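Structure, as structure tokens:
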Amino acid sequence: MKTIPYILIATRFILAPIILFLAYFKGEESEFLILILMYFGLLTDIFDGIIARKVGVSSEKLRRLDSQTDLVFWLSLGFAAYFLNPELIKTEWLSILLIFIMEALCYIISIWRFGKETCTHAFLSKMWGLSLLIAFTYLIGFQEAGWAFYLTIVLGLVSHIDVILIVLILPKWQFDIPSSYHAWKIRNGKQRKKTIFFN
Numbered sequence: 001m002k003t004i005p006y007i008l009i010a011t012r013f014i015l016a017p018i019i020l021f022l023a024y025f026k027g028e029e030s031e032f033l034i035l036i037l038m039y040f041g042l043l044t045d046i047f048d049g050i051i052a053r054k055v056g057v058s059s060e061k062l063r064r065l066d067s068q069t070d071l072v073f074w075l076s077l078g079f080a081a082y083f084l085n086p087e088l089i090k091t092e093w094l095s096i097l098l099i100f101i102m103e104a105l106c107y108i109i110s111i112w113r114f115g116k117e118t119c120t121h122a123f124l125s126k127m128w129g130l131s132l133l134i135a136f137t138y139l140i141g142f143q144e145a146g147w148a149f150y151l152t153i154v155l156g157l158v159s160h161i162d163v164i165l166i167v168l169i170l171p172k173w174q175f176d177i178p179s180s181y182h183a184w185k186i187r188n189g190k191q192r193k194k195t196i197f198f199n
């Protein structure tokens, strides 16, 4: 049981090049399969955290590995959406660039402060992940952006600001911080409560 979280993370990592391969070489005929792999990947993301806590292996190493695998997985879907709908993505390049800049800032600020990448698994970041799921369903499955895309951009901006605040507020590097408010409580010496989300 203790190896299952690692197997689930590895599975999600392996899905990334498969998704890229399908989108680039198979094109539109692979759209439905890519969506299936995306939802399967989300399930692995949900259950790796649940199982890790259940069997007592939710360590810093595991959570950092989970975070970096998430980044690779969602990037693969972003590139897949571009391969399948290049014109649609190009029309929204400014919004997408903004999210990339915010993501880079999170890493730069965290490495500058603590010498490590971010690993907050914050609540707003999880909400952004769900919005990404919906947005990619529209982009890949229906070839349209619509409200789901713009919701994802807004949530992405807000969630990244929250992560940056967490990193700036925390007195030392920690993982699994639900919000900047919780980071503020930690900084002020208040007892950190164990908060369990779906990941």
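When we follow our numbering, the leftmost residue of the sequence shown carries the number 1, and every step to the right adds one. Backbone N, C-alpha and C define an ideal beta-carbon position, used for all residues, glycine too. Quick caveat, the model's predicted, so the values are computed rather than measured.
Please classify I101 as buried or exposed, where buried requires at least 16 other C-beta atoms within 10 Å of its C-beta. exposed
For L71, the nearest candidate out of W128, I134, G141 (CA to CA): W128
Using three-state DSSP, classify C119 as helix, strand or coil. coil
State the start and end residues of the unbroken alpha helix (DSSP H) segment that holds I99. 93-114
What residue range does the alpha helix (DSSP H) around W74 cover? 60-84
Determine the DSSP secondary structure at N188, reduced to helix, strand or coil. coil
When you compare each of L139, G146, I109 to A23 by their alpha carbons, which one comes out closest? L139
Using only alpha-carbon positions, find the residue among M38, I4, C106 that is nearest to A16. M38
Under DSSP, the alpha helix (DSSP H) around A52 begins and ends at which residues? 31-55
Compare the beta carbon distance of V167 and I109 with 8 Å and say whether it is the shorter of the two. yes
Between the alpha carbons of S179 and W173, how many angstroms are there, rounded? 14 Å
Assigned secondary structure, F175 (DSSP; H/G/I helix, E/B strand, else coil): coil
Buried versus exposed, by CB contacts within 10 Å (16 or more), S59: exposed
In the structure shown, what three-state DSSP assignment does F149 receive? helix
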